[in-house]
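The block underneath contains the structure these notes are about, expressed in structure tokens.
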Amino acid sequence: MSEELTTAAELFDAIGAGYEDAFGRPPVVDAAVRELLAVLPPSARVLDVGSGTGRPVAADLVAAGHRVTGIDVSAEMVRIAREQVPGAEFVQADVREWESEPGTWDAVCAFFPFLQLPRAETERALGRIAGWLASGGRFALITVPADVEDVPVDFLGHSIRVTSFPADALADRVRAAGLEVTGTRTETFAPDKPGAEPEEHLLISARKPG
Ligand SMILES: C[S@@+](CC[C@H](N)C(=O)[O-])C[C@H]1O[C@@H](n2cnc3c(N)ncnc32)[C@H](O)[C@@H]1O
């Protein structure tokens, strides 16, 4: 095990393409993208927070004709995503600091970007995302639900600390941000990597009223 990596940028700069090799297309991610594709208007503006390697999420949305911007705090992930999905725009940015015009996105995806944030910062990020969405816009949030704060875990050969919420508490935080929760789904997923433990994935689908 390597020494502890304290920030998401350090962790995902170190993992790079290895993330896609191990995680590929988890069923809950696939379900979330299919849900969005079924409801989005043509050429929708979609923001992918924590866009990783750009695959499968940005790639699928671009292939369906949507205008996708991905933000990710890891320079290496942004480099890979730009190479793999030239039809989307990728920006190296932290969701806690990135600025967007309010009310401009038809959908925002956030698939696993909050696991290294303190709970209060996730709550604040949810509020920012709700502000960025257009009225009627969709929000899809995926995480590993758990009642943990700053606990050490091994992740793809790296030692990190993670924070999350139990499923009901996270749905309450999404509502507190001003969004209407339209559905949830959970599934157990085993990464394709020797020694990687199966983990639970939670999708919270939500909508901005209006
Ligand atoms: C577990 S990966 C998932 C990537 C992609 N969403 C997917 O599902 O394939 C989480 C991604 O979120 C990014 N991330 C973590 N914290 C972030 C933050 N505060 N702002 C923006 N991106 C962040 C990481 O760099 C990483 O690429």
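Numbering (the working numbering), first residue to last: 33 to 242.
Where a beta carbon is used, it is the ideal one built from N, C-alpha and C, also for glycine.
Predicted, not measured: the structure shown is a model, and the values here were computed from it.
Could you tell me how far apart the beta carbons of His190 and Pro58 are, in whole angstroms, since I believe they sit closer than 8 Å?
With 8 Å as the limit, His190 and Pro58 do not qualify as a contact, their Cβ atoms being about 19 Å apart.
Whether Ala228 touches Ala54 by CB criterion (8 Å)
yes
From Phe143, Arg128, Tyr51, Glu35, residue whose alpha carbon lies closest to that of Asp224:
Tyr51
Quickly, what does DSSP pair Asp104 with across the bridge? List them, please.
Gln124
With distances taken between CB atoms, is the gap from Gly210 to Ala162 smaller than 8 Å?
yes
Quick check on Gly163: does DSSP put it in helix, strand or coil?
helix
In angstroms, rounded to a whole number, what distance separates the CA positions of Glu219 and Ala172?
15 Å
Check this for me: beta carbons of Val176 and Glu231, under 8 Å apart or not?
yes
For Gly50, does the three-state DSSP call read helix, strand or coil?
helix
What I want to know is whether the C-beta of Val60 ends up closer than 7 Å to one or more non-hydrogen atoms of ligand 1.
no
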